[in-house]
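Protein chains in written order, with the working numbering: chain A, 474 to 880; chain B, 474 to 880; chain C, 474 to 880; chain D, 474 to 880.
This is the structure:
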């Protein structure tokens, strides 16, 4: 007997106690309305050690598994989706290194050290019109004599833009035209630079007025010969679909932790919908809407669909933590878990909206925010349409390897 | 040969020429961003006689049919959804009277006269928690000695709130406890009162920050002994599901014209999606996204679903105009046409969003606005869930009459 | 006022009175179980003049419109889907000629004469692996000195195979390699040959054991230099997507009449589902299932979806009858009407199955047959997938003409 | 590192080697066509010890977990769905006892002994119109002086009817009107009685002509004072929703193993669909259909949906095996896993049918059988509609316990 559930409950109480969640849920409304970054949430999470969840005990952290962090992120997202989505990026960077350690590659241990030292990691992979995602880049990476790089290009949807001090980036090094390489590494800046929306060779866009996940401040970042020091160059992978442990670890952490955020939104939407039904009264039926069959069934159908989502995340994170070898099936598993979570979040939010009546149409109603936050789920790579070729190829192109355009 | 299509094209060019539509589409972005009423659009429409479309020739109007107005509203909504939705309310009031005339009831001719004289009509039927909609009311209607009424209650989603001078309302007259009546009539106010958000016994809420259809300014209206003059009392119908020509005409005009607005949104969303695909380039495929099969099929599926929507509106408005006797099937036909239009609008807008990539997530992108405007479609009565009993009863409750809780 | 509905009711009583429908519904079970052709149904229909519905008055027929025949076919299919589907093929041939007459092409008047004289027409267009459908053919058409043709090839899903005496066919004439032509014409055989599954150059397959629509006996037909007399050559159209009145008329009649059959199945499935609910009792609830909310809503949702289907058929057949010029939108309209009808038939049949409980799983239960018959709807050209490119092209390929791979 | 996948592969090769699966797949077509019981499959499975999978090592069996048996059943169903569905019933009985042992209740050890001795167990729970399923019964259970029972009533869908020698049944003991009890126990008969469709107080219906899962011969069983010996009375549970380890174990095994069968059908349907595409050629495109985007995407979408199904089964069986305490969430988890598997099976089979073209419409094509077999999934309790109240209650009825009407 593993008592996994007991352990999940203990971790929830330790890192995300009910009172904290309640505070965060209240703040989420204000962040959304004022289009403000989640400063107070970040302080609280940092204060509780939430940013070190993945750091192994040997580096001074609690060494949680992806399965455990997935659960915590579901819980966090049920209160503050944008906070959870943004913090995800930092967690992911550390989770990637943890996954590499577990598979014998200890080369990026400095990420753990820096995370313990208070650095904040973010993700600079998405670029305009780059549907190669991890396997290519429009960012120019100029190799330097010392082994470092200067990067120039545009990164989009850079969550945590007002606070990150370490940005994992990739760029294309075409210095040897016969052997183009995608390099991965970390751009660094100080907390002061972050606060000033800048840094050496770094400009953060001030445009940010989006439909949902507003508190994440995932603004565009322009790199203009931004430096990656030699000791922060993580990989130089041949361009194209080249298998590599780093990209595998990114894909797994990215898809499953993003999926966890939307699973949390879905769960919260069901609660909000149920509360709304209990609080509304039907003049025709003379009962609360919680007794009206059409409303009950609306919510039941969303709940039934939702039930699969945490189970799929659970199965997939456990296999990942347990180092199962699923070969070419891994990307199919990762991406499906995330896409299904997003679909459930959108469906549950819509059901909750229908349960809320016209009141839910106001931008300041929680259900409206959940619906808007859930819509952001359509934009994480790979989109449903970008994922389709991968699922077709796995069945139809026997000689080709099933690969994923997924971060 | 009827050449209906030719006539539709002529009407489109006369009332909504391309240049006007283009101006309105541009303004729509500003109205949405600034949460502003569509003042300039209203001036343009008024100037072209758009507010008198339903007025018969004998009263000096063009006497268009519901089929023709439905087409115009689809066209208008493709440029300015909120404008179309709000103007709908005025058109509906005149359309209701036209439908009554066509069926031999000429009692409300003053509506035509007033519409010709520049009065603006709006709809004061929806109330908080009143799922009886037309068949009951939480508004207290006190009969006066002269045959008039004083009304007290709250009306919600009153489109055109800054400009209406005539509000069709209903209220419950329980002065004879053995014979409760739902009265319908018109509350009147001057253009000056409208401009001041007030009027005798009338207060218009200043709260309005909603997800979509923002320019409609469908704010709540509080009636506090607001007067309906004796000659503006239209009906005194026994409370409950009592068949009546007025409520039948409201139901038909409401469902079919609202449906027309969402059909227009759907059509525009398909165009916006197609334009977006043509304008984006896939790094992986080396082509525009208009050549990427997954994107093409995404849009094709939305287009295929959409195709049914104008056809259903066409069939139903023609039957309505031609005075077909569909008996208890009428409400099923009306409501289905509107719900399907809303579903198509939401689906097409979502498809267009997926075609637009991350750019579409910005609140100032047209596709984002279309998605938000389409979402408003979930809130017109009857909602999908409120409609379900009607479709069940028509099959299962043979002795009961299939009726609709629909405005 | 047109009183279209009154006229529809009169036609229904004249051609398909209730008593006849009841007999046919009973027979349908037997035909399905015994995999037998609908001989008795055909006799009854022929006796009532049902095979001459489209024949104009000047040729001695009643001259019904496509709109009227669509309604009759919906009614017939509600009792005997396979009978309706097969008779459709004969009706279509005459409907095609009627549509050509209405558009000024009187060249195929002999079809009316022969229909009046008792000949039975069928459709020999579908071929294995020919997704050009009307625009190409794997059948070799050898031109003869007298202007006639000899055809060799395989036609599949030839409904009415035991009785047809006139088969509309197409084949590819490559005698001039620079100008390949698709010829259309009629292969003729006697009633005696039909009864013997043969005829000159004609062999009818004896393999026929399919999931649904079994009574239609749509067996494969092998042509081996089967003759088309010169005066029965209808067209010689350049191969590829060449606009032509004959193929346009085939497309319209085919899609809309096939759609009508599935609309009839859908309607009947709703009735069967409702009857099943009324006849079953829930031990838990102590009521009939007609009172159980989950069942009611199941049926309501199917009913709501269904409601659009006859409306779309109505709008499209009326536009077709009234000679509206919809240009490149016609194929989109035709195909959407048929696909939606099939989808509704399948959904309604599934809902009815769920309403019927385990009893419905027996092959001899009407609901099981309806479900199986509805499944046949997936195979009429163009399939959903074959139709997708047409709906994509209409939005994305502005310079190309939107065309349909549809028969 | 657990190497679960390696162990799954070893078990697959041991119990269900490829050559055996191929033989079974071939036989499945014949069983279906001839409506014949799967005699040869049963012999093969028995010969390999497949009927003792759940028997613990201390009783001489291999002691597999539910997680492992679920995988094997998925594999078996991919070749022979009806065989898998029927054998499921036997496996389930032994799995129930294994689950009880794991939770400390060793009272039904005789089931293991008898399974080792060659007895075949089946499930006699479903009854006409009994939507209480496990929590009530229309079967009369007369208590006998010796502590045994005589049972009279009708059991439906009794899989394995030609071979079972032990039938787990329930009946209502109302001998004390103030304390009605649902008794569970085993009716016994000899192999000879089974072969003769009878036994003491037992009549097996000879009616069996159903849409799918035909080889399971799940015929109705009439009990007329059939005996349950005192030592084979397993439980006497108060009527109604009374928590009990036996019913919990039945629910878990039933839902998850039934779900496994449909997961296997889904997986096979994807393969069949892919093979069909590779084998068909498009005249228009000049390629195999495996290169046609619309077909690829059709299959991709089904594959994507399918991917969640084995993951959900995996997560849920592991939690069950690991004795996690999920409390009131258990029934929600069990039923969702099964319903999603059925939905995926139906969707994948439909997609495969569309990939197969008209050939798939013949009853002897594998894809037709898969579609028909998948349809049987609609009839296992609880149906989607019967499950809805449970998912609604869990959100809306806080004080009530979420319970399942599930076997």
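We put the CB at the ideal spot given by N, CA and C, even for glycine.
Asked                                                                                                                          : Found
Chain-ordered residues of the segment 609-640 of chain B with a beta carbon less than 8 Å from chain A                         : 609, 611, 629 and 630
Where residue 489/A sits in the DSSP three-state scheme                                                                        : coil
Residues bridged to residue 614/C (per DSSP)                                                                                   : 624/C
Helix, strand or coil at residue 716/D according to DSSP, with G and I counted as helix                                        : coil
Residue of 808/B, 756/B, 710/B and 858/B minimising C-alpha distance to residue 772/A                                          : 858/B
Cβ-based contacts, 9 Å cut-off: residues of the segment 786-817 of chain B near chain C                                        : 786, 787, 788, 789, 791, 792, 795, 796, 797, 798, 799, 802, 805, 806, 808, 809, 810, 812 and 813
Within 8 Å, strictly: CB atoms of residue 746/D and residue 824/D                                                              : yes
Counterpart residues of residue 646/A in DSSP-defined beta bridges                                                             : 654/A
Residue 777/C vs residue 688/B beta-carbon contact at 8 Å                                                                      : no
Within-8 Å CB hit, residue 743/A to chain D                                                                                    : yes
Any chain A beta carbon closer than 8 Å to residue 776/D                                                                       : yes
Rounded straight-line distance, which links the Cα of residue 599/D to that of residue 696/C                                   : 53 Å
Segment contact flag, the segment 555-566 of chain B with the segment 505-514 of chain B, C-beta cutoff 8 Å, min 3 pairs       : yes
Residue 596/B, DSSP secondary structure in three states                                                                        : strand
Beta-carbon proximity check, residue 749/D vs residue 818/D, cutoff 8 Å                                                        : no
Top-ranked residue by Cα proximity to residue 561/C, from 545/C, 710/C and 784/C                                               : 545/C
Under the three-state DSSP convention, the category residue 877/B falls into                                                   : Any reading at residue 877/B is ruled out, since the residue's pLDDT is 38, under 50, leaving its predicted position unreliable.
Proximity test, Cβ basis, 8 Å: residue 757/B and chain A                                                                       : yes
Beta-carbon neighbours of residue 738/D, restricted to chain B and to distances below 7 Å                                      : What residue 738/D touches in chain B: nothing, since even the nearest Cβ is about 26 Å away.
C-beta neighbour in chain C for residue 767/B, strict 8 Å                                                                      : no
Cβ shell of residue 826/A (< 6 Å), same chain only, five flanking positions each side left out                                 : 833, 840 and 844
Residues sharing a beta bridge with residue 675/D, DSSP                                                                        : 696/D
Touching by the beta-carbon criterion (3+ pairs, under 8 Å), the segment 779-796 of chain C and the segment 781-790 of chain B : yes
C-alpha gap between residue 640/A and residue 596/A, whole angstroms                                                           : 6 Å
Distance, residue 564/C Cα to residue 634/D Cα                                                                                 : 49 Å
Residue 793/A versus residue 484/D - alpha carbon distance                                                                     : 22 Å
Any alpha helix (DSSP H) of 4 or more consecutive residues that is wholly inside the segment 481-527 of chain C                : 491-507 and 512-520
For residue 808/D, the first and last residue of its enclosing alpha helix (DSSP H)                                            : 802-829
Option nearest residue 551/B by Cα separation, candidates 637/B, 686/B and 607/B                                               : 686/B
Closer than 8 Å to chain D by CB, residue 862/C                                                                                : yes
Assigned exposure category for residue 711/D - 16 Cβ within 10 Å defines buried                                                : exposed
Beta-carbon proximity of residue 905/B to residue 811/B, cut-off 8 Å                                                           : Not covered by the structure: residue 905/B. The range shown for chain B is 474 to 880.
Span of the alpha helix (DSSP H) around residue 544/C                                                                          : 539-552
For residue 669/B and residue 663/B, the rounded distance between their alpha carbons                                          : 10 Å
Residue of 477/A, 648/A, 675/A and 681/A minimising C-alpha distance to residue 630/A                                          : 681/A
The segment 521-529 of chain A / the segment 565-581 of chain A touching (three or more Cβ pairs under 8 Å)                    : yes
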